[in-house]
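Student: Numbering follows UniProt numbering, in which position 240 of the sequence shown is assigned residue number 240; successive positions increment by one, without gaps.
Here you go, one structure.
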Amino acid sequence: MDRELRRPGVTRALLWEEYRAQAPDGFGYAWFCQHFDGWKGRVRPTMRQTHVGGEKVFVDFAGDTIDVVDPVTGEARPMKLFVAAMGASNYTYAEAVASEGLEDWVLAHVRMFTFLGGVPKAVVPDNLKSAVIKADRFDPGLNRTYAEMAAHYGTAILPARPRKPRDKAKVEVAVQVAQRWILARLRNHRFFSLVELNVAIRRLLDELNMRVMRGYGASRADLFATLDRPNLQPLPPEPYVFARWKRARVAPDYHVEVDSSWYSVPFALIKQEVDVRVSGQTVEIFHRGQRVASHVRTPGRRSHVTVADHMPSAHRRLGEWTPARMLAQATKTGPAVAAFCEMVMADRPHPEQGFRTCLGVLALVKTYGPERVDAACQRGVTIRARTVTSIRSILKTGLDRAFLEGSEEAAPLHHANIRGGGYYH
């Protein structure tokens, strides 16, 4: 009867009707239930709820840890044990992970679903910070990545209610069993990698699930095969790919910072708050729920990743320049202009950072003519001026004319940061 009640749609009333059909003079319904409750109290004193097959899996971390030793330094690092138990069958999953952090927590669920070969209708975690942002009896707040993972698998997250021990009794028993059956047996072993540790855990886990349970006359694996597995939802075509979310404000240059690299969004969103989804391969940016940008991630490069369509038209024209093209255009104006632009680009970590200055100097030709601008740049190189403001000041004050008047005797252009005309080709 206990096993039948864990099948979807099966109730005590239905079982009583089937019982009376076979034994018309048998117990009435009240006595029937009373006898069952008495048996349940004797055989399973810790049982408080009847779980339907395939309905819930309970998840948590064990309190005890097990060490993995670094083979190079000899440092022992404690690993956490993730434990899951199916509600109807007690079928158990366990694996060691490096931490209780969000990524380890979520990816342990991904591997758990693969181990089960399907997806229960609900996952019941404790109020772990990686799962629940705000613990509340009626309206718990879920971590966004955790909720996204659940949506990918088509399951619901039902956090255990605060101060309601019955909600998590199932997994607490599973954790206790896993600690005694797995961790206790491995206490005297030394492991030098997480993979090696999890191979040992899987061997003991299989033994635990195949072991016949007293009071049931069947193993966890047997009960899982008859109660849970037929009622699991199918796995999605692809496993969930871990991604974390962060809130960010768009910078004045219409880029968002992610791990010291910068990614563009449409310039109209400058100073707006956006949501950023960061996976191992991509950076996706959302504004008010709509995706506004998607980039290939460049971790650790301290780079700017910019889509031309995100730029204002003036910036887009600037983005069409290259160092070689900039130098060629400057050379058409004069050799000193070319030397000045080369110096400016060489002084910056990236030549492109000097494009605005170079274009600003070239724009002065419209007002002062190429000869005066070239002379001003010659003076600018001599005094190591590096800004449009400096060149414009030389022109306004007429200091460029001294170079024009003595152009035949003007010294050749030399500067430590001038690399030579062929450098950018």
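Glycine included, every Cβ here is placed at the ideal spot set by N, Cα and C.
Which value, in whole angstroms, describes the spacing of the CA atoms of Gly300 and Thr282?
Tutor: On the sequence shown, position 300 is the one that residue 300 refers to. On the sequence shown, position 282 is the one that residue 282 refers to. Looking at the two C-alpha atoms, the distance is approximately 14 Å.
Student: In the DSSP assignment, find the unbroken beta strand (DSSP E) run with Gly63 in it and report its ends.
Tutor: One-based indexing of the sequence shown puts residue 63 at position 63. Run containing Gly63: Lys56 to Val69, per the beta strand (DSSP E) assignment.
Student: DSSP on Leu158, reduced to helix/strand/coil?
Tutor: In the sequence shown, the residue the question calls residue 158 occupies position 158. Coil at Leu158, not helix or strand.
Student: State the beta-bridge partners of Lys80 as determined by DSSP.
Tutor: As a first step, residue 80 is located in the sequence shown; it is residue number 80 there, counting from the start. BP columns for Lys80 point to Thr65 and Val97.
Student: Roughly how many angstroms lie between the CA atoms of Pro140 and Ala147, to the nearest whole one?
Tutor: Against the sequence shown, residue 140 aligns to sequence position 140. Against the sequence shown, residue 147 aligns to sequence position 147. Residue confidence for Pro140 is low, a pLDDT of 48 falling below 50, so the modelled location carries little weight; the figure read from the coordinates is stated next. Those two C-alpha atoms are separated by around 12 Å.
Student: Measure the alpha-carbon distance for Gly334 versus Val365 and round it to whole angstroms.
Tutor: Sequence index remark: in the sequence shown, residue 334 carries index 334 (1-based). Sequence index remark: in the sequence shown, residue 365 carries index 365 (1-based). Looking at the two C-alpha atoms, the distance is approximately 11 Å.
Student: Rank Ser261, Phe286, Asn188 and Val199 by C-alpha distance to the C-alpha of Gln272 and give the top, closest one.
Tutor: Translated into the one-based positions of the sequence shown, residue 272 becomes position 272. Comparing Cα-Cα distances from Gln272 to each of Ser261, Phe286, Asn188 and Val199, the minimum goes to Phe286.
Student: At which residues does the beta strand (DSSP E) containing Tyr263 begin and terminate?
Tutor: Against the sequence shown, residue 263 aligns to sequence position 263. Counting along the chain, the beta strand (DSSP E) containing Tyr263 begins and ends at Ser261 to Ser264.
Student: Relative to the alpha-carbon of Leu208, which residue among Leu194, Val177 and Lys56 has its alpha-carbon at the smallest distance?
Tutor: Walking along the sequence shown from the start, residue 208 turns up at place 208. Answer by Cα proximity: Val177.
Student: State the DSSP-derived secondary structure class of Glu257, mapped to helix, strand or coil.
Tutor: Counting from one through the sequence shown, the residue named residue 257 turns up at place 257. Glu257 falls in the strand class under three-state DSSP.
Student: Across which residues does DSSP place Met86 in a beta bridge pair?
Tutor: Along the sequence shown, one-based indexing puts residue 86 at 86. Note: Met86 sits in a beta bridge opposite Val57.
Student: What did DSSP end up calling His189 once you bin it into helix, strand or coil?
Tutor: Start at 1 with the first residue of the sequence shown, and residue 189 comes out as number 189. Reduced to three states, the DSSP call for His189 is coil.
Student: Between Gly53 and chain C, is any beta-carbon pair separated by less than 8 Å?
Tutor: The chain labelled as chain C is not found in the depicted structure, where only one protein chain is given.
Student: Return yes when the Cβ of Pro312 is within less than 8 Å of the Cβ of Phe267, no when it is not.
Tutor: Along the sequence shown, one-based indexing puts residue 267 at 267. Along the sequence shown, one-based indexing puts residue 312 at 312. Yes. Within cutoff.
Student: Of all the options Thr92, Gly215 and Val110, which has the alpha carbon lying nearest to the alpha carbon of Arg241?
Tutor: To locate residue 241, count along the sequence shown from 1; it is residue 241. According to the sequence as given, residue 241 is Val; it is not Arg. That would be Val110, whose Cα lies nearest to the Cα of Val241.
Student: Taking Cβ to Cβ, would you say Asp126 is nearer than 8 Å to Asp60?
Tutor: As a first step, residue 126 must be located in the sequence shown, where it is residue number 126. As a first step, residue 60 must be located in the sequence shown, where it is residue number 60. Result yes, Cβ atoms of Asp126 and Asp60 sit closer than 8 Å.
Student: Tell me where the beta strand (DSSP E) around Arg111 begins and ends.
Tutor: Here residue 111 refers to the residue found at position 111 when the sequence shown is read from its first residue. Note, Arg111: premise wrong, no beta strand (DSSP E); alpha helix (DSSP H) at Leu102 to Leu116.
Student: Go through its chain and collect everything with a Cβ distance to His295's Cβ below 6 Å, but skip five positions before and after it.
Tutor: For the purposes of this step, residue 295 is taken as residue 295 along the sequence shown, with counting starting at 1. So the list reads Tyr263, Val283 and Val305, once near-sequence residues are dropped.
Student: With Arg325 as the anchor, note down where its beta strand (DSSP E) starts and where it stops.
Tutor: As a position in the sequence shown, residue 325 is number 325, starting the count at 1. No beta strand (DSSP E) contains Arg325, which is instead part of the alpha helix (DSSP H) from Pro323 to Thr333.
Student: With burial defined as no fewer than 16 other Cβ atoms inside 10 Å of the residue's Cβ, what is the status of Glu18: buried or exposed?
Tutor: Here residue 18 is taken as the residue at index 18 of the sequence shown, counted from 1. By the 10 Å Cβ count, Glu18 comes out exposed.
Student: Strictly by DSSP, which residues pair up with Ser279?
Tutor: Taking the first residue of the sequence shown as 1, we reach residue 279 at position 279. Answer is Ala243.
Student: Using CA coordinates, which residue listed in Leu269, Phe115, Ala76 and Met86 is at the minimum distance from Ala98?
Tutor: Taking the first residue of the sequence shown as 1, we reach residue 98 at position 98. When only C-alpha atoms are compared, the closest one is Ala76.
Student: Verify whether the separation of the beta carbon atoms of Met210 and Ala218 is less than 8 Å.
Tutor: Translated into positions along the sequence shown, residue 210 becomes position 210. Translated into positions along the sequence shown, residue 218 becomes position 218. Contact: no.
Student: Would you decide whether Tyr93 is buried or exposed? Buried here means 16 or more other CB atoms lie within 10 Å of its CB.
Tutor: Residue mapping note: residue 93 aligns to position 93 of the sequence shown, counting from 1. Tyr93 comes out buried.
Student: Using C-beta distances below 6 Å, list every residue in its chain close to Leu223, excluding the 5 sequence neighbours before and after it, in chain order.
Tutor: For the purposes of this step, residue 223 is taken as residue 223 along the sequence shown, with counting starting at 1. Closer than 6 Å at Cβ, skipping near neighbours: Ser89.
Student: For Tyr254 and Leu327, I'd like the C-alpha separation in whole angstroms.
Tutor: If you number the sequence shown from 1, residue 254 lands on position 254. If you number the sequence shown from 1, residue 327 lands on position 327. Rounded to the nearest angstrom, the two C-alpha atoms are 27 Å apart.
Student: Less than 7 Å between C-beta atoms, sequence neighbours within five positions excluded: which residues of the same chain meet that for Gln179?
Tutor: Taking the first residue of the sequence shown as position 1, residue 179 is located at position 179. Counting only Cβ-Cβ distances below 7 Å, and skipping sequence neighbours, we find Ala62 and Asp64.
Student: Is DSSP giving Ile285 helix, strand or coil here?
Tutor: Translated into positions along the sequence shown, residue 285 becomes position 285. Correct three-state label for Ile285: strand.
Student: Report all residues from its chain with a CB closer than 7 Å to the CB of Pro236; omit the five preceding and five following residues, and keep chain order.
Tutor: Residue 236 sits at position 236 when you count from the first residue of the sequence shown. So the list reads His152 and Tyr153, once near-sequence residues are dropped.
Student: Tell me which same chain residues have a C-beta within less than 8 Å of the C-beta of Arg20, skipping the five on either side of it?
Tutor: Walking along the sequence shown from the start, residue 20 turns up at place 20. The answer, listed in chain order, is Gly26.
Student: On the premise that Leu359 lies in contact with Arg379, defined as a C-beta separation below 8 Å, what is that separation, rounded to the nearest angstrom?
Tutor: One-based indexing of the sequence shown puts residue 379 at position 379. One-based indexing of the sequence shown puts residue 359 at position 359. So it is not a contact: roughly 20 Å between Cβ atoms.
Student: Please determine whether the Cβ atom of Asp400 lies at a distance below 7 Å from any heavy atom of the ligand PLP.
Tutor: As far as ligands go, the structure on display features none, and thus does not contain the ligand PLP.
Student: With 16 other CB atoms within 10 Å as the buried threshold, where does Arg288 fall?
Tutor: Within the sequence shown, numbered from 1, the residue matching residue 288 stands at position 288. Result: exposed.
Student: Indicate the three-state DSSP secondary structure (helix, strand or coil) for Asp397 in the structure shown.
Tutor: As a first step, residue 397 is located in the sequence shown; it is residue number 397 there, counting from the start. Rather than Asp, the amino acid found at residue 397 in this sequence is Thr. Three-state DSSP puts Thr397 in a helix.
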